[in-house]
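Those sequence lines, one after another, are chains A and B. If you read the first sequence in my numbering, its first letter stands for residue 4, the second for the next number, and so on. If you read the second sequence in my numbering, its first letter stands for residue 492, the second for the next number, and so on. Where is the CB? At the ideal position from N, CA and C, for every residue including glycine. Predicted model only: the values in this text are computed from it and were never measured.
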Amino acid sequence: MADVTRRRFLVRAIAVMAGAIAAMVGAPAIGYLIGPSSDRSGSGDWIPLGTATSVQPGDPVLMKATVERKSGWLTDSQEVSVFVSTENGQNFTALSNVCTHLGCRVRWVPDQSGFFCPCHNAVFARDGSVATGPPPRPLDSFETKLEDGTIFIKEA
Amino acid sequence: MANRKETRSARVGDWVDERSGWRLAWSTVFIRKIPKVNWLYTLGSATLFVLVIQVVTGVLLTFYYVPEPAQAHASVRYITHELSFGWLIRGLHHFGASAMVILTIAHMLRVVLYGAYKYPREITWLTGVMLLLLVFSFGFTGYLLPWDQRAYWASVVGTQIAEVTPFIGSWLKTVMLGGEEISALTLPRFYGAHVWALPAILLSLVGIHLYLVVRNGITSIPKKDE
Chain A
4 MADVTRRRFL VRAIAVMAGA IAAMVGAPAI GYLIGPSSDR SGSGDWIPLG TATSVQPGDP
64 VLMKATVERK SGWLTDSQEV SVFVSTENGQ NFTALSNVCT HLGCRVRWVP DQSGFFCPCH
124 NAVFARDGSV ATGPPPRPLD SFETKLEDGT IFIKEA
Chain B
492 MANRKETRSA RVGDWVDERS GWRLAWSTVF IRKIPKVNWL YTLGSATLFV LVIQVVTGVL
552 LTFYYVPEPA QAHASVRYIT HELSFGWLIR GLHHFGASAM VILTIAHMLR VVLYGAYKYP
612 REITWLTGVM LLLLVFSFGF TGYLLPWDQR AYWASVVGTQ IAEVTPFIGS WLKTVMLGGE
672 EISALTLPRF YGAHVWALPA ILLSLVGIHL YLVVRNGITS IPKKDE
């Protein structure tokens with residue numbers, strides 16, 4: 004390394020310092036820009052739906068809850084609607100009422116014992132599986148729990 | 492091995508040079524002869540460096556900041572306390588603003604004390620004076636954007652100072668505020684000035700200023716008998 008001239012040394016030193024400074028601002032800047040995209044606040048929260056006694060074995064019951072959702076510095080409340088059903092009054096299943104095809108709201112038709120979507124005549128069975136029509140997958144289901152007589156669902 | 496890599500990068504350099512003439516531009520800007528000077532001659536470059544920091548961090552801040560009265564402060568709080576490294580980006584911009592003012596004035600003092608504003612550098616000096624005023628304008632318009640009590644009252648005081656301008660004072664204040672007092676109209680005005688109008692003018696003037704520095708060269712330190 005004896006042939007390193009003063010000029011060459013200075014050029015390299017400047018390049019190293021410039022790179023270090025650029026990295027010191029650049030690396031945090033990347034985290035700053037992509038940060039919110041990986042933010043999953045709210046997921047995993049338990050949302051209370053209502054008392055367990057309102058759901059009896061038989062037809063699923065549409066239950067609604069209001070959820071506070073954070074988007075950046077704003078919080079807005081969203082309504083979550085879920086069909087809750089039970090076979091024994093102890094274990095509950097909760098199905099989203101949003102059709103997995105194009106997002107229309109499904110309703111329960113007791114005569115046919117299925118969920119009917121008005122948009123493209125899709126029908127889902129009681130367990131949420133696709134009976135007929137275009138939906139690509141069964142209705143989304145939520146994890147449920149029963150606590151002090153209140154049914155909770157876990158936000159996805 | 493190192494040799495082959497160098498010839499390859501030289502070939503790429505030749506290819507680009509043949510089509511752009513970048514080597515001449517590079518050597519004109521960076522490999523020019525300068526007199527023997529001291530560290531005070533780096534103040535202009537230091538200002539330029541901080542300007543780059545301000546541009547980069549300023550652009551990053553606009554990804555989250557919202558110039559609307561109900562949300563402005565909340566978005567600033569979000570940047571500072573919830574975003575990863577938001578505190579750093581905003582902090583750099585905040586302290587960089589002070590650094591801009593200090594460095595620009597220090598650079599100006601060096602130019603004044605060494606007589607560097609004289610022939611043939613009068614235009615460099617004039618654009619420099621305009622740049623100093625622009626830096627103040629950036630500081631003034633940027634100060635309102637966090638939309639807290641300090642920002643609000645500083646802008647009240649600042650526009651009242653503008654109000655004592657002879658003859659056009661009260662008109663000037665109304666134009667600045669977009670009304671009689673600070674309102675929902677004031678914040679987007681200051682924001683538009685701060686991120687669009689002022690940068691456009693500043694960058695144009697910086698271009699002229701730097702062109703003239705390269706074109707005319709820098710002054711040497713004045714001697715005793717000069």
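Subject >> Beta carbon of L689 (chain B) nearer than 8 Å to that of W638 (chain B) >> reply: One-based indexing of the second sequence puts residue 689 (chain B) at position 198. One-based indexing of the second sequence puts residue 638 (chain B) at position 147. No, Cβ-Cβ distance for L689 (chain B) and W638 (chain B) is not below 8 Å.
Original post:
For G633 (chain B) versus A588 (chain B), is the C-beta spacing smaller than 8 Å?
Top reply: As a working note, residue 633 (chain B) is residue 142 in the second sequence. As a working note, residue 588 (chain B) is residue 97 in the second sequence. Yes, the pair counts as a contact, with Cβ atoms nearer than the cut-off.
**OP:** Please check the pair V704 (chain B) and T615 (chain B), which I expect to be a contact at CB under 8 Å, by giving their CB distance rounded to whole angstroms.
**Re:** For the purposes of this step, residue 704 (chain B) is taken as the residue at position 213 of the second sequence. For the purposes of this step, residue 615 (chain B) is taken as the residue at position 124 of the second sequence. About 6 Å separates the CB atoms of V704 (chain B) and T615 (chain B); that is less than 8 Å, so the two are in contact.
Original post:
Along chain A, which residues have their Cβ under 8 Å away from the Cβ of Y569 (chain B)?
Top reply: By 1-based counting over the second sequence, the position of residue 569 (chain B) is 78. What Y569 (chain B) touches in chain A: G75 and W76.
Original post:
Helix, strand or coil: how does DSSP classify L636 (chain B) here?
Top reply: The sequence position of residue 636 (chain B) within the second sequence is 145, counting from 1. In the structure shown, L636 (chain B) sits in coil (DSSP, three-state: anything other than H, G, I, E or B).
**OP:** State whether the segment 35 to 54 of chain A contacts the segment 142 to 159 of chain A, with contact taken as three or more CB pairs (one from each stretch) at a distance under 8 Å.
**Re:** At 8 Å Cβ cutoff, the stretches touch.
Original post:
Does DSSP put G131 (chain A) in a helix, in a strand, or in coil?
Top reply: Walking along the first sequence from the start, residue 131 (chain A) turns up at place 128. Residue state, collapsed to three classes: coil.
Subject >> At least 3 beta-carbon pairs within less than 8 Å: the segment 584 to 600 of chain B vs the segment 55 to 70 of chain A >> reply: By the Cβ test, the segment 584 to 600 of chain B is not in contact with the segment 55 to 70 of chain A, since fewer than three Cβ pairs between them sit closer than 8 Å.
Subject >> CB contact below 8 Å: P31 (chain A) versus chain B >> reply: To locate residue 31 (chain A), count along the first sequence from 1; it is residue 28. Under the Cβ distance rule, P31 (chain A) counts among the residues neighbouring chain B, one pair being separated by less than 8 Å.
**OP:** Work out the CA separation of M20 (chain A) and W662 (chain B) for me, nearest whole Å.
**Re:** Translated into the one-based positions of the second sequence, residue 662 (chain B) becomes position 171. Translated into the one-based positions of the first sequence, residue 20 (chain A) becomes position 17. In this structure, the alpha-carbon of W662 (chain B) lies about 49 Å from that of M20 (chain A).
Original post:
M492 (chain B) to V546 (chain B), Cα distance in whole Å?
Top reply: The residue you call residue 492 (chain B) lines up with position 1 of the second sequence. The residue you call residue 546 (chain B) lines up with position 55 of the second sequence. For M492 (chain B), the predicted model reports a pLDDT of 49, less than 50, meaning its position is unreliable; a value from the coordinates is still stated below. A direct Cα-to-Cα measurement between M492 (chain B) and V546 (chain B) gives close to 40 Å.
Subject >> L579 (chain B) versus E573 (chain B): straight-line alpha-carbon distance, rounded >> reply: The sequence position of residue 579 (chain B) within the second sequence is 88, counting from 1. The sequence position of residue 573 (chain B) within the second sequence is 82, counting from 1. For L579 (chain B) and E573 (chain B), the distance between alpha carbons rounds to 12 Å.
Original post:
Just to confirm, are K67 (chain A) and E90 (chain A) a CB contact at a threshold of 8 Å?
Top reply: As a first step, residue 67 (chain A) is located in the first sequence; it is residue number 64 there, counting from the start. As a first step, residue 90 (chain A) is located in the first sequence; it is residue number 87 there, counting from the start. Taking 8 Å as the Cβ cut-off, K67 (chain A) and E90 (chain A) do not qualify as a contacting pair.
**OP:** Determine the chain B residues that contact V70 (chain A) at a beta-carbon separation under 8 Å, and present them in chain order.
**Re:** By 1-based counting over the first sequence, the position of residue 70 (chain A) is 67. Going along chain B, no residue has its Cβ under 8 Å from V70 (chain A), so there is no contact; the nearest lies around 20 Å.
Original post:
Got a sec: which bits of the segment 538 to 567 of chain B sit with their beta carbon under 8 Å from any beta carbon on chain A, in order along the chain?
Top reply: Closer than 8 Å at the C-beta level to chain A, one finds these residues of the segment 538 to 567 of chain B: I544, V547, T548, L551, F554, Y555, Q562, A565 and S566.
Subject >> Any C-beta of chain B under 8 Å from that of L13 (chain A) >> reply: The residue labelled residue 13 (chain A) in the question sits at position 10 within the first sequence. By the rule that beta-carbons nearer than 8 Å mark a contact, L13 (chain A) does not touch chain B.
Subject >> Any chain B beta carbon closer than 8 Å to G117 (chain A) >> reply: Your numbering for residue 117 (chain A) matches position 114 in the first sequence. Taking Cβ atoms only, chain B never reaches closer than 8 Å to G117 (chain A), which makes this a no.
Original post:
To which residues of the same chain is T656 (chain B) closer than 6 Å at the C-beta, ignoring the five residues directly before and after it?
Top reply: Numbered from its first residue, the second sequence carries residue 656 (chain B) at position 165. Closer than 6 Å at Cβ, skipping near neighbours: L663.
Subject >> Distance between D508 (chain B) and G577 (chain B) (C-alpha atoms, nearest Å) >> reply: Residue mapping note: residue 577 (chain B) aligns to position 86 of the second sequence, counting from 1. Residue mapping note: residue 508 (chain B) aligns to position 17 of the second sequence, counting from 1. Between G577 (chain B) and D508 (chain B), the C-alpha separation is close to 40 Å.
Original post:
Under 8 Å between C-beta atoms, does R28 (chain A) make it to chain B?
Top reply: Translated into positions along the first sequence, residue 28 (chain A) becomes position 25. Rather than Arg, the amino acid found at residue 28 (chain A) in this sequence is Val. By this cut-off, V28 (chain A) is an interface position.
**OP:** Could you check which residue in B:V567, B:G504, B:I652 and B:S511 has the C-alpha nearest to that of L636 (chain B)?
**Re:** To locate residue 636 (chain B), count along the second sequence from 1; it is residue 145. The residue with the shortest Cα to Cα distance from L636 (chain B) is B:V567.
Subject >> Cutoff 8 Å: G34 (chain A) Cβ touching any chain B Cβ >> reply: Here the question's residue 34 (chain A) lines up with position 31 in the first sequence. Judged by the 8 Å Cβ criterion, G34 (chain A) is in contact with chain B.
Original post:
In its own chain, which residues sit with a C-beta less than 8 Å from the C-beta of L625 (chain B), not counting the 5 before and 5 after it?
Top reply: Counting from one through the second sequence, the residue named residue 625 (chain B) turns up at place 134. Same-chain partners within the cutoff: L689, I692, L693 and L696.
Subject >> Touch test, the segment 504 to 521 of chain B against the segment 122 to 137 of chain A, Cβ-Cβ under 8 Å, three pairs minimum >> reply: Short answer: they don't touch.
**OP:** On the DSSP bridge assignment, give the partners of E150 (chain A) in chain order.
**Re:** For this step, residue 150 (chain A) is matched to residue 147 along the first sequence. E150 (chain A) is bridged to A:T153.
**OP:** Look up V546 (chain B) in the DSSP assignment and give the residues it is bridged to.
**Re:** As a working mapping, residue 546 (chain B) is identified with position 55 in the second sequence. For V546 (chain B), which the question treats as bridged, DSSP gives no partner whatsoever.
Original post:
Per DSSP, what kind of secondary structure is L594 (chain B) in: helix, strand or coil?
Top reply: Mapped onto the second sequence, residue 594 (chain B) falls at position 103. Three-state result, L594 (chain B): helix.
Subject >> Exposure label - W111 (chain A); buried when at least 16 CB within 10 Å >> reply: Your numbering for residue 111 (chain A) matches position 108 in the first sequence. So W111 (chain A) ends up on the buried side.
Original post:
Is L105 (chain A) helix, strand or coil by DSSP?
Top reply: Translated into positions along the first sequence, residue 105 (chain A) becomes position 102. Coil.
**OP:** Return the CA-CA distance between Y569 (chain B) and F155 (chain A), expressed in angstroms with no decimal places.
**Re:** The residue given as residue 569 (chain B) occupies position 78 in the second sequence. The residue given as residue 155 (chain A) occupies position 152 in the first sequence. Approximately 30 Å between the Cα atoms of the pair.
Original post:
Is G106 (chain A) near H123 (chain A), with beta carbons less than 8 Å apart?
Top reply: Indexing the first sequence from 1 puts residue 106 (chain A) at position 103. Indexing the first sequence from 1 puts residue 123 (chain A) at position 120. For G106 (chain A) and H123 (chain A), no; Cβs fall outside 8 Å.
Original post:
According to the neighbour-count rule (16 or more other Cβ atoms, all chains shown, within 10 Å of its Cβ), is M599 (chain B) buried or exposed?
Top reply: Start at 1 with the first residue of the second sequence, and residue 599 (chain B) comes out as number 108. Classified as buried, M599 (chain B) has 16 or more neighbouring CB atoms from the shown chains inside 10 Å of its CB.
Original post:
What residues from the segment 500 to 518 of chain B come within 7 Å of chain A, judged by C-beta to C-beta, listed N to C?
Top reply: Of all residues in the segment 500 to 518 of chain B, none is placed with a Cβ closer than 7 Å to any Cβ belonging to chain A.
**OP:** Could you check if M27 (chain A) is buried or exposed, using at least 16 other CB atoms within 10 Å of its CB as the buried criterion?
**Re:** The residue labelled residue 27 (chain A) in the question sits at position 24 within the first sequence. M27 (chain A) comes out exposed.
Subject >> Cβ-based burial, A159 (chain A) [other Cβ within 10 Å; buried from 16] >> reply: Position 156 of the first sequence, counting from 1, holds the residue named residue 159 (chain A). Burial call: exposed.
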